[in-house]
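Encoded as structure tokens, the structure appears first; notes follow it.
In the working numbering, the protein residues as written are 19 to 190.
Below, the structure is given as structure tokens:
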């Protein structure tokens, strides 16, 4: 997506798809993902867009409690909100905890979910950097982050997110 207008069209399309099939996890995921991405294009409403994405992803997780991507998606939104809280000089630690809880549930449901492994690794890395700058290094988070990227790479050696994340984790 290259604009807010495209994301609004994606939200409308996913909403129309849900009118045809309310049980489509793909349509639910697409709509909530578009709301999450909209935060990048409409900064004045970014926290409201993230809140809407999390609200929709709460509904998806409740509706599809055995669908690993539902929890990965919600974790992504919590991770994104943590990032914006850092930018706004607010405490992001509770959001990282929620993100990590969702990634853990996604991995419990599907231990081969490479996106959940990658995103958990990124959340741990970001938390290690944030906390390290304020309270001293969180070496355990950095080491666990590395391990998450290693697991993702064992499942998918071509994962660019895991390769890049592992490189960053090595810096802490």
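Glycine residues also receive a C-beta, built at the ideal position from the N, C-alpha and C atoms.
Residues in its own chain within less than 7 Å of residue 138 by CB, not counting five upstream and five downstream? 118, 121, 166
What span of residues does the alpha helix (DSSP H) with residue 43 cover, start to end? 43-59
Work out the CA separation of residue 46 and residue 39 for me, nearest whole Å. 10 Å
Are residue 163 and residue 187 touching if we call contact CB-CB under 7 Å? yes
Could you name the residues of the same chain whose beta carbon sits closer than 7 Å to that of residue 24, not counting the 5 residues immediately before and after it, in chain order? none
So residue 82 and residue 124 are supposed to be a Cβ contact under 8 Å. How far apart are they, rounded? About 12 Å; that fails the 8 Å criterion.
Kindly list the residues whose CB is nearer than 7 Å to the CB of residue 50, restricted to its own chain and excluding five residues on each side of it in sequence; keep chain order. 71, 74, 75, 78, 91
Nearest residue (CA-CA) to residue 64, options 110, 21, 102, 41: 102
If distances are taken between C-alpha atoms only, which option among 178, 56, 141 comes closest to residue 113? 141
With a threshold of 16 other CB atoms inside 10 Å of the CB of residue 227, please say whether the residue is buried or exposed. This structure cannot speak to residue 227, because the chain is shown only from 19 to 190.
Just to confirm the assignment, what range does the alpha helix (DSSP H) spanning residue 87 have? 86-105
Does the beta-carbon distance from residue 158 to residue 135 come in below 7 Å? no
Please work out which residues of its chain come closer than 8 Å, Cβ to Cβ, to residue 22, disregarding the five sequence neighbours upstream and downstream, and give them in chain order. 56, 59, 60
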